[in-house]
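Residue numbers (my numbering): 14 to 283.
The beta-carbon is built from N, C-alpha and C at its ideal position, and this holds for glycine as well.
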Amino acid sequence: MENNKDSINQEGVSILENIFIFLFYMILSCISNGAISAFLERTLYFKPNIWIKLIESVLFIVMELLFIKFYKNYGKLHLDFKRTKNYKIYIWLSLIVIGYIWFYDNSIEIFLDSIIKVDLVDYAFKNKKGLYLIYISIYLSIFAPIFEEIIFRGLLFKGLLKRYDYLKAIIASSIFFAIIHGDIKQGINAFILGIILAIVYYRTNSLLPCIFLHFVNNFIYVLSLYGIRIKSSNFSLIELVIGALILISSYLIHKKIIKTEKEENVKVIY
14 MENNKDSINQ EGVSILENIF IFLFYMILSC ISNGAISAFL ERTLYFKPNI
64 WIKLIESVLF IVMELLFIKF YKNYGKLHLD FKRTKNYKIY IWLSLIVIGY
114 IWFYDNSIEI FLDSIIKVDL VDYAFKNKKG LYLIYISIYL SIFAPIFEEI
164 IFRGLLFKGL LKRYDYLKAI IASSIFFAII HGDIKQGINA FILGIILAIV
214 YYRTNSLLPC IFLHFVNNFI YVLSLYGIRI KSSNFSLIEL VIGALILISS
264 YLIHKKIIKT EKEENVKVIY
């Protein structure tokens, strides 16, 4: 991926432009998630909550596709997808997620839990049952990884990278990714995960590994909603140490894996 560090480069999309674009995006999100739901409940008298969620999902997909089209045209960008025959990269990405979860949950999350008592994500998703739980599972496992990676890595990060240096583009895109999650605890987690995802995209120049990594991360959380956990509910020194070792090992071998991946992949541009 080419990176122009010239400060006067006018390609891509600036941080200020992104602030206004994403303010507009968040307003649309609030309208689709809140106002439309209230309208359906009061005007159309839809009693089953799942039908409201299905209609919201259709509107969400339409809104995301329109936003992607707008951003692509505005930033004069294209989306990079690469199919790869090197399946080792997906094993590597899975290990990164597991290592990250074990390390984060036994260090940063414990600290955050001690100072922030309210978890909006747990409040929104925990103890859900039936069709609503299935809806949440599909949204978190499929819709979120695909659309968030296209928007935040494929468009926002790439647009920033055309205007700024590598480090500034990673930090700025990760801050936007954190803010969109709307919760302090999830925002910090999203910021760190956003950095990892931006690095993966920068190294592979493809959205597919990013979508896969995001999917694995979210799917592990979805499993926890069904009572299936890969980590202990309390602090575990063993998980902390193993998680740190996995992350360090993944970093040390990433150049070899990604080099092979770049040699074997097939580029697809949209």
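DSSP three-state call for residue i: helix, strand or coil?
i, result
"Ser-246", "coil"
"Asp-126", "helix"
"Ser-263", "helix"
"Tyr-239", "coil"
"Asn-86", "helix"
"Glu-24", "coil"
"Gly-195", "coil"
"Ser-42", "helix"
"Tyr-117", "helix"
"Tyr-100", "coil"
"Ser-219", "coil"
"Tyr-177", "coil"
"Ile-32", "helix"
"Lys-269", "helix"
Can you have a look at residue i and say buried or exposed, based on whether 16 or more other CB atoms are within 10 angstroms of its CB?
i, result
"Leu-29", "exposed"
"Val-213", "buried"
"Ile-74", "exposed"
"Tyr-239", "exposed"
"Ser-127", "exposed"
"Leu-250", "exposed"
"Val-143", "Checking the displayed sequence, the identity of residue 143 turns out to be Gly instead of Val. By the 10 Å Cβ count, Gly-143 comes out exposed."
"Phe-80", "buried"
"Ile-111", "buried"
"Phe-37", "exposed"
So, under 8 angstroms CB-CB, residue i and residue j are touching, yes? Tell me the CB distance rounded to an integer number of Å.
i, j, result
"Ile-193", "Met-39", "7 angstroms"
"Glu-162", "His-227", "6 angstroms"
"Tyr-215", "Tyr-179", "7 angstroms"
"Gly-172", "Gly-25", "4 angstroms"
"Lys-95", "Ser-263", "Lys-95 to Ser-263, Cβ: 20 angstroms. No contact."
"Ile-209", "Ile-109", "7 angstroms"
"Leu-154", "Asn-231", "Note that residue 154 is Ser in the sequence shown here, rather than Leu. Yes, they are in contact, since the Cβ atoms of Ser-154 and Asn-231 sit about 6 angstroms apart, within 8 angstroms."
"Ile-123", "Lys-198", "Not really, about 11 angstroms apart at Cβ, beyond 8 angstroms."
"Ser-186", "Phe-165", "6 angstroms"
"Phe-225", "Leu-106", "6 angstroms"
Any contact of the segment 204–212 with the segment 76–93, i.e. 3+ C-beta pairs under 8 angstroms? Short answer: they don't touch.
Stretch pair the segment 106–124 + the segment 24–38: three plus CB contacts closer than 8 angstroms: no
Decide if the segment 67–83 is in contact with the segment 146–162; the criterion is three or more beta carbon pairs, one per stretch, under 8 angstroms apart. Result yes; three or more Cβ-Cβ pairs closer than 8 angstroms.
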